[in-house]
Structure formats: structure tokens, C-alpha cells
Amino acid sequence: MSDVATDRTFHISDSAARRVAFLVEHEGKPGLMLRLTVSGGGCSGFQYGFAFDDAVNDDDFVFEHNGTKVVTDDCSLDLLNGSTLDYVEDLMGAAFQIKNPQATASCGCGNSFAV
């Protein structure tokens with residue numbers, strides 16, 4: 081497992097930390113972390129993936145904010161560097177959003193991006 085002592089960064093907003101904590105509590109498994117991945121696909125070239133995980137692999141980086149942990153692998157972190165995970169609620173609905181400064185384009189749904 082890698083630690084956060086790296087020149088790459090990832091941020092978790094207060095709103096996202098609260099929502100992840102709520103969902104983890106709802107799952108009834110206190111050790112769960114939100115795993116964020118980036119894979120090829122989607123309408124803009126890359127797409128974000130979200131899942132719960134209780135394991136940390138050798139190539140993972142763990143980021144924590146207000147007790148909430150987000151884990152991502154080394155390759156995904158290359159594409160997420162400098163990003164912020166946010167949770168937004170508005171009239172259109174509620175969803176996790178990635179604010180990615182590396183993205184040169186994104187789709188309307190916000191789940192895929194291009195670099």
C-alpha cells in the first residue's frame with residue numbers, strides 16, 4: 081500500500097465525506113472505503129467508477145477527510161491528480177461529481193471525460 085506522501089493529490093469535499101460516511105453506515109460495515117477508479121470508455125474516452133471496498137492493494141493510495149477514506153489505484157491517480165470528489169444535491173438530483181483539472185472535455189452526465 082502506498083501512502084499519501086506523493087506529489088499527486090486528491091481532495092474530498094466535506095459534502096462527499098458526509099455522504100460516503102452515511103452510505104458506509106447504511107452498509108453496516110464500518111471498515112469500508114469508497115474505491116474510485118478510472119477506466120477507458122464512456123462517451124468522452126475515460127469514465128469514473130465508484131464502489132465500496134475494504135481492501136487496500138499494493139498499488140493503492142488512500143486519501144482521508146473527516147474520517148472518510150477514498151482509495152484509488154496508481155494508474156487511476158495519474159488521471160485524477162489534483163481532482164476533488166464532491167457530492168452535489170440540486171433540483172436535477174444528487175450525485176458524486178469529480179472536479180478534475182486535467183479533463184479537457186466531459187460529457188453531460190459528468191461520468192466520463194477526456195484528457
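Letter by letter, the sequence shown follows residues 81 to 195 of this note's numbering. Positions of the beta carbon are idealized from the N, C-alpha and C atoms, including for glycine. None of these values were measured; they are calculated from a predicted model.
Which residues does DSSP pair with residue i in a beta bridge?
i	result
F130	L116
D170	G173
C179	Checking the sequence shown, residue 179 turns out to be Lys, not Cys. According to DSSP, which records beta bridges pairwise, K179 is partnered with T164.
E144	K149
Closest to residue i by CA distance: which of the options is it?
i	options	result
R115	V104, G121, G125, G108	V104
L159	D94, D170, I178	I178
R98	T148, V136, F132, D138	T148
F90	D140, A131, A174	D140
By the 10 Å Cβ neighbour count, where 16 or more other Cβ atoms means buried, how is residue i classified, buried or exposed?
i	result
S119	exposed
L171	exposed
D138	exposed
Rounding to the nearest angstrom, what Cα-Cα distance links residue i and residue j in this structure?
i	j	result
V84	T152	The predicted model places V84 with a pLDDT of 47, which falls under 50 and marks its position as unreliable; any figure quoted below should be read in that light. Rounded to whole angstroms, V84 to T152 spans 11 Å at the Cα level.
A101	Q182	27 Å
E108	N146	What sits at residue 108 in the sequence shown is Gly, not Glu. Cα to Cα, the separation comes out at about 19 Å.
Y128	V142	17 Å
L112	H106	11 Å
F176	Y167	4 Å
N161	R88	5 Å
A96	C155	22 Å
G125	T117	14 Å
Less than 9 Å between the beta carbons of residue i and residue j, yes or no?
i	j	result
T164	I92	yes
V136	E144	no
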